Amino acid sequence: MNTEEIKLKSETERLVLRPLQNQDYKRWLEGCLNRFPSQYKYDDNKMDLSGWTQQKFNYDVVSKFQKYADQDEAYVFGVFRKSDQKQVGKVEVETIMREEFQWGLLGYTIHNQFWRNGYGKEAVKELLNIAFKNLHFHRIEAHINVDNKPSIKLAESIGMEFECIRKGFIFEFDEWTDNLVYYMNSK
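If you're matching positions, the sequence shown starts at 1 in the UniProt record's numbering and goes up one per residue.
Written as structure tokens, this is what we have:
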């Protein structure tokens, strides 16, 4: 898929979703550095950013994400607040399978200092619009740990439907864990 032909920037009432660019380094760094300590099991701890330079960001984030998009493997969008241009998180859709399936996987992370403002819901709803209209996916799934209540609540609040539990689906926390599968099909 030629990403130059695809509209990959979108806006909501309060947010801008777009691929990260080299000039986003300071906003990205600020968002990561200002995270609160982990709030629960599925909230990432602060990253060790001591080795992250502008060059490393350009190569390990911007170039890598662009390569994924160019190869139709994944589309990663920075989520920026319109009022002050702060990066509040990221959302992504990964290609599971194309051809007759047009099937993707949803991912989202909002920095915890921006929680409880509805940014996750707003960003994920817009990502689904992009995935269906611009990237031509037919089905998007979210794979959610069975005890990740905030993520379950988000998926349900945007109209994703629970489909099943996949037993021993993902290896994390040093064991094979079960995941809930929520999905949405294009209309």
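The beta carbon of each residue, even a glycine, is placed where N, CA and C say it ideally should be. Remember, it's a predicted structure, so these values are computed and weren't measured experimentally.
Alpha-carbon spacing of residue i relative to residue j, whole angstroms
i, j, result
"GLU175", "SER83", "42 Å"
"TYR59", "GLU122", "29 Å"
"ASP44", "PRO37", "8 Å"
"LYS187", "CYS32", "36 Å"
"GLU11", "SER50", "32 Å"
"MET160", "ALA131", "14 Å"
"GLN39", "ASN129", "29 Å"
"ARG14", "PHE173", "35 Å"
"MET97", "ASP72", "10 Å"
"ARG81", "GLU163", "32 Å"
"LYS46", "ARG35", "6 Å"
"ASP48", "PHE57", "13 Å"
"ARG27", "LEU20", "10 Å"
"VAL61", "PHE114", "21 Å"
"LYS86", "LYS9", "16 Å"
"SER63", "PRO150", "31 Å"
Close Cβ partners of residue i (< 8 Å) along its chain, the five nearest in sequence each way excluded
i, result
"ASP179", "Residue identity check: residue 179 is Asn in the sequence provided, not Asp. Excluding residues within five positions, the ones whose Cβ falls inside 8 Å are HIS143, ILE144, ASN145, VAL146, ILE165, ARG166, PHE169, ILE170."
"GLN54", "ASN22, TYR25"
"ALA74", "PHE65, TYR68, GLU92, VAL93, GLU94, THR95"
Opposing strand residues paired with residue i [DSSP bridges]
i, result
"GLY89", "VAL79, ILE110"
"TRP52", "In the DSSP output, where bridge partners are listed per residue, TRP52 has none listed."
"HIS143", "VAL181"
"MET160", "For MET160, which the question treats as bridged, DSSP gives no partner whatsoever."
"TRP176", "PHE171"
"ARG166", "ASN179"
Cutoff 7 Å; reference residue i; Cβ partners in own chain excluding five residues on either side
i, result
"GLY120", "TYR108, ILE110, LEU154"
Check whether residue i and residue j have beta carbons under 8 Å apart
i, j, result
"HIS136", "ASN185", "no"
"LEU17", "VAL88", "no"
"ILE158", "LYS133", "no"
"ASN117", "TYR42", "no"
Contacting residues, own chain, Cβ-Cβ under 6 Å from residue i (five flanking each side not counted)
i, result
"GLU141", "LEU105, VAL181, TYR183"
"LEU127", "VAL91"
"TRP103", "ILE96, MET97, ARG139"
"ILE152", "ILE144"
First and last residue of the uninterrupted alpha helix (DSSP H) at residue i
i, result
"LEU33", "25-33"
"VAL124", "119-129"
"GLN66", "64-70"
Range covered by the beta strand (DSSP E) that runs through residue i
i, result
"VAL16", "15-18"
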